[in-house]
Structure formats: C-alpha cells, structure tokens
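For what it's worth, the numbering used here labels the leading residue of the sequence shown as 3, then goes sequentially.
We put the CB at the ideal spot given by N, CA and C, even for glycine.
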Amino acid sequence: MPDVELEQHRAFAGVVDVLEAVGADYVIWGGVAAVAYGEQRFTHDMDVVIRLNADDARFMAKALEEDGYHVSLPSMLDALQGGYFNVIHLETNIKVDFFVPRPDSILHWAFQHRQRLPFDEVRQASYMPPESVILTKLRAHQDSGSTRHLDDIEGILRVSGPELDLAYIDREAARIGAFGTWRELLEKSRLA
C-alpha cells in the first residue's frame, strides 16, 4: 500500500474503531461503500451516515478526541437536526465526513438493511446495502453531474448485480426522478 493509502487507512480505521466502541448507529456510504460492493478504486474520503442525539454526540466527540481526532462538538450538535460535520485525524490531516439524516425513505431502508462486512483484515463495519449505495449515487449524480457516481454504480452492477433487489431500486429510482439514468445503467450491465 502506498504511504497515502496507509495513512488514509489509519485515519478511517480509527473512526471505525470509535464508532464500534461507542455503539454508534451508523452506516458507511459513498466511495468506501461503493468499493465494498463494486470495483477497487482509490477514494479520497470516507463518508458515514450516523443517527445520534446530543448525549451520543458528546460521548463520540470525547472518544474521537482521545483517539487523536479534531472534533468540533458545536458542529456535531448543529448537525443533529439533519446536516454534516467532519472530524480530522490530527496525525495525517485526513478528514472523515459525517451526515446526520432527516427522515428519508432511502436512508431509513439503508439502516434497516445495513450489512456487516469486513473493513479490513481485523475489523468489521456497518455498510449501507448496495441498493442504497446505488440510489444515493444516483441522487449525487443528479446534484453534481459527476460521472464518478455512475462509474461506481456500474462497478457495483458488475460485481454485485445478481444479488441486488432490482425491483426496489426501480421503485426508488422512479420516486427520486432518476429512473431513466438507472435503466440505462442496468441495460448497459445486461442485468435488465
């Protein structure tokens, strides 16, 4: 592993260790989750969806600070009604982004169907299921226009396609206005 990947792994693994130790209600999403179900690629950050209250936030902030992360408790508390905050691994200056969701059917389903997968050789972590990764990537593509999200979806379809709940993705993609893009990707993958 190149040095940057080793540093990144240390920063990400430390966050997973804290999340597991404090019993956090979380799922990994974004690029790290896309790689877990799809094809290997370098991702610059780790994104975590987390459900927590003020007491949980204080407990988690203290644990992260003790483990060498910069944490802004006011930012964490501001995010509790739906929003973002991040933590920075002080030794490597690597950031992990957290999202506290408002009620959302895709994210609710993601928490109900989260999967415990190996994070590395010694750790397990909670991941958003691949269907939810696809749907959040479709949303991100709608918002940003970035083709990286579509590439991630294609990778998931190639690696995990036969195991996906395609009917669920069809319904939710139609609901969020991404059905056409989804069907194009599905047909391209030859799973349709």
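It is roughly 15 Å from the alpha-carbon of Gln10 to the alpha-carbon of Glu123. Taking C-beta atoms as the reference points, Ile136 and Ile178 fail to come closer than 8 Å. The beta carbon of Tyr86 sits closer than 7 Å to those of Asp99, Phe100 and Phe101, all from its chain and outside the five residues before and after it, given in chain order. Fewer than three Cβ pairs drawn from the segment 53-66 and the segment 156-171 lie within less than 8 Å of each other, which leaves the two stretches out of contact. The continuous stretches of beta strand (DSSP E) do not include Ala65, which lies in the alpha helix (DSSP H) extending over residues Ala56 to Glu68.
Here the C-alpha atom of Ile52 lies approximately 24 Å from the C-alpha atom of Arg150. Take the alpha-carbon of Val24 and the one of Pro76: they are about 19 Å apart. Considering only Val161, Glu156 and Ala169, the residue with the shortest C-alpha distance to Glu186 is Glu156. Relative to Trp31, the option among Gly40, Ala38, Asp49 and Arg43 whose CA is nearest is Asp49. Taking the Cα of Gly182 as reference, the smallest distance to any Cα among Ile158, Leu140 and Asp153 is reached at Leu140.
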